[in-house]
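Right, one structure below, let's go through it.
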Amino acid sequence: MLNIEQEGHVAIVTLDNPPVNAIGQAMRQELQQAVAFIDSQESVQAVVLIAAGRTFIAGADITEFGKPPEPPHLPDVIASIEQADKPWVAAIHGSALGGGLEIALGCHYRIAAHSARLGLPEVTLGLVPGAGGSVRLSRLLSAENAVAMVTSGKPVTATEALENGLIDLVTADEDLRRTALDFAGQIIGKALPTGLRYREPLESPDTGFWEAQTQQIARRARGQVSPLRALDCVRQGIELSVEEALAHERKTFLELRASDQAAALRHVFFAERAAPRPPELKDIAVRAVRSVAVIGGGTMGAGIAAALRDANLPVVLIERDEAALQRGRENVARIFNSALKRGRLNEAQCKARLEAITYSVDYAALADIDVVIEAVFEDLDVKRAVFDQLDAVCRSDTILATNTSYLDPDAIASRSRHPGRVLGLHFFSPANVMKLLEIIPTQTTQTEVLATAFALARTLRKIPVQAGICDGFIGNRILKVTRAQAERLLLSGATPAEVDRAMRAFGMPMGPFEAQDLGGLDIAAFQRSAARGRGDSPFAPVADKLVAMNRLGQKSSAGWYDYVPGDRTSQPSETVAAIISEQSTSAGLSVTNYSDLDIVDHIVLPMINEGARILEEGLASGAQDIDLVEIHGYGFPRWRGGLMHHAQTVGLAGIVAKLQAMAALRMCDEPCTYLLDAARDAAWDTARDTARDAAKVESFAK
Ligand code: 3HC
Ligand code: NAI
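Here you go:
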């Protein structure tokens, strides 16, 4: 785990704890012993701390966070480095994150490889730095830079770190070890620099600075506690004595480490890492994906093409005629040009992205493509006609995917000559930005095709979640409940603005009505009319009226709210209020004065019930997959851990009782059996999910 060698008068301490050199109890102990050992070696006059493998130290071992902290504690290990008799030089490659950067800050010098990244991401785990990061950083960086790093959790590049004073030298990746040894050789005999703990902060801003930062960070945090606590730690790091500040930071860290928000964010951290590699597909061979075609260059097709190019895959984009092809070309160009304008891409990258796309109206261009993703109109006949052509021109092993939102992928696959290669790949809009990818196997999809879809998701750096076939798969099925519940609230006394405000206060980026106005009311209306055609009866009495009046949202300057043309500011609408009042009479729901919490309960608890139904029907592999769908597809607050984790934190038995009370007033459905069972066990049934997964693998293997 830790190796010490000596070259001349320089000791080289190499940490080796794959995969990411996380610092757990054993590593802390070895490091502390190494400091004492090296101090006792007279022949050693400088030390290089370097890491083996793909990265420097990715931080404290997150798997230990659910347990009581065990000595030696990281702050003490770092203090022993800082107070060592010999100068320590941290040689950083890959990532120096959290406790990893804090160890580097305990060293007397820091050198980084060009591609390295340095950061304090603790806030993203619901924490603050726990080993002096917020205190030492303000001794190296301006207050503004220290606040930005600690409260956003975003890492900086080696070049930025050199510019802002965080490190002393940047070197080529391949030269890191040599440069660090040379550097260590040069500091031998020089005075030991004062450890950061003993230095004064670089600056001490006035109250106005802290007030402005507080406002900005509170707005961004949307209910998450750690960013403001992190700001407080930087401020105390500057304003208190260093010993008091270190104690304050540690106390805050330990308090937050035991909080629900930290547990939720840890849950998401591990769920995100587990999602791309379902255990049941572990040993399944995947097909090579070297080229991908997209059919349809509209909103989704262009976004999917851009996502593929971002992953450096060559793309063929097919449209139905030359005019549509030209629009598709413009849609793709708009995406990359906007990335260029925002500084996300440079000129050369933008040019390279645009170059490897072949535009064609001729399906013959698909003769040697590995994967085709169809994103044409949401119409079964149109999609089937496209799949007929794909069947005719593609290789028999080409994987064929549909991006349908609501149609049945089985109905598309069943006509194929090779149905085993067909599946759903449901991207979210904008497809080059949104992380979520629902992967929907049909009854006939081969396991190898499914495994390849997960591998493609990894290439695209998406969060893949397997969904079963039902109306809306996982995400849009729950969204229908969100919207229906929001309307029930209107019909029983709440206003659109009250509902939106309550859901924002809960942590959503937007309320359900604002979101519909932004996206357009027509898309959901189209789905409802299709559902009615199938005999379903979706509940949307007010939305139906608005669409009939051509109140389609911001694009028609009228939706759930009124808008002045060209201005996105929403104004309460008297017309909408009149429709609500007219509809509420016929709905016959009792009128109530809702608090923000009541509003949230009326929307979120039925969503949880729908999530439980999805699990009951075996359409998601586990509660955590529903969490990922809600976080990455719909902006559910990450710090609540996603929909189903939130339910467990709140308490399933209480949720059942509230749902039953609301159902008695006809405000939602009764809790489903799966939820009732889970409430009895006080947890989602992972054993049942595991058993179902095993059955699923067996059925795929057949
Ligand atoms: N502790 C435990 N396991 C960790 C870990 C950590 N800090 N960081 C990563 N891992 C694990 C992952 O769970 C994953 O495990 P798996 O293979 O079994 O799924 C494996 O390491 C590889 O991780 P990634 O898939 O994320 O690998 P990448 O190469 O894509 O990314 C990384 C590498 C940028 C280092 C990324 O893993 C990362 O951001 N890690 C978390 C960093 C972090 O948040 N550190 C702060 C911890 S809190 C702290 O240090 C408190 C201190 O102030 C006291
Ligand atoms: P769109 O209307 O913007 O684009 C559809 C494109 O398909 C058009 O450019 C059209 O010319 C092209 N097309 C139609 N028939 C074709 C054919 N036979 N061959 C080649 N091209 C053809 O539609 P959008 O929004 O991009 O949706 C596409 C699909 O993605 C739909 O199935 C939709 O349900 C799904 N989807 C849409 C999302 C959204 O937010 N817009 C989100 C996720 C999925």
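Counting in my numbering, the sequence shown runs from 6 upward without gaps. Every residue gets a Cβ at the ideal spot worked out from N, C-alpha and C, and that includes glycine.
Identity of the residues DSSP links to V376 by a beta bridge: V297 and I404
Backbone CA spacing between A64 and I108 [nearest angstrom]: The sequence shown places Gly at residue 64, rather than the Ala named in the question. Their Cα atoms are separated by approximately 9 Å.
Residue range of the alpha helix (DSSP H) that includes N342: E327 to K346
Exposed unless 16 or more other CB atoms sit within 10 angstroms - verdict on N555: exposed
CB contact flag (A163, H113, <7 Å): no
Residues near L385 in its chain [Cβ-Cβ closer than 7 Å; skip 5 each side]: L412 and A416
Cβ-heavy atom distance, E127 to ligand 1, below 6 Å: yes
heavy atom of ligand 1 below 6 Å from P134 C-beta: yes
Stretch pair the segment 51-59 + the segment 18-30: three plus CB contacts closer than 8 Å: yes
Residue burial classification, R1 (beta-carbon count within 10 angstroms, cutoff 16): It is not possible to answer for residue 1, since the shown part of the chain is limited to 6 through 707.
Straight-line Cα distance separating Q490 from L670: 13 Å
Residue closest to L261, alpha-carbon to alpha-carbon, out of P232, L495 and I289: P232
First through last residue of the beta strand (DSSP E) which encompasses Q559: Here Q559 belongs to no beta strand (DSSP E), and DSSP marks it neither H nor E.
Same chain, Cβ closer than 8 Å to Q37, five either side skipped, listed in chain order: P77, D81, V82 and S85
Cut-off 8 Å between Cβ atoms - residues of its own chain near D288, not counting five sequence neighbours on either side: none
Simplified DSSP state of V391, which is helix, strand or coil: helix
Other residues of its chain near Y368: CB distance less than 8 Å, five sequence neighbours each side excluded: I323, Q394, L395, A397 and V398
C-alpha gap between G303 and V377, whole angstroms: 16 Å
Any alpha helix (DSSP H) of 4 or more consecutive residues that is wholly inside the segment 555-595: 579-592
Cβ pair T708, G425 closer than 7 Å: There is simply no residue 708 to check, as the chain begins at 6 and stops at 707 in what is shown.
Whole-Å CB distance - M513 paired with P642, under 8 Å assumed: 7 Å
Whole-angstrom distance between R255 and A101, CA atom to CA atom: 20 Å
Integer-rounded CB distance, given that H14 should sit under 8 Å from A51: 7 Å
Range of the contiguous alpha helix (DSSP H) that encloses H764: In the structure displayed, the chain extends from 6 to 707; residue 764 sits before or after that span and is not available.
Nearest-angstrom Cα separation, counted from A151 out to V239: 7 Å
Range of the contiguous alpha helix (DSSP H) that encloses F511: P501 to F511
Cβ neighbours of G348 in the same chain (closer than 8 Å, five flanking residues each side left out): none
Span separating the alpha-carbon of R697 from that of E285: Unreliable positioning characterises R697 in this predicted model, as indicated by a pLDDT of 45, which lies under 50. The coordinate reading is nonetheless provided below. Between R697 and E285, the C-alpha separation is close to 11 Å.
D686 classed as buried or exposed, judged by whether at least 16 other C-beta atoms fall within 10 angstroms: exposed
V470 vs D632 beta-carbon contact at 7 Å: no
Proximal residues to L330 (C-beta, below 6 Å), its chain only, five neighbours per side dropped: E324, Y364 and V366
In chain order, each alpha helix (DSSP H) run of at least 4 residues that lies wholly inside the segment 108-170: 138-142, 148-157 and 163-169
Stretch-stretch touch, CB-based, cutoff 8 Å, three pairs: the segment 573-581 with the segment 494-510: yes
Test item: CB-CB of A462 and L442 under 7 Å: yes
From N351, Q46 and A117, residue whose alpha carbon lies closest to that of T60: A117
Environment of T212 [buried if 16+ CB atoms lie within 10 Å]: exposed
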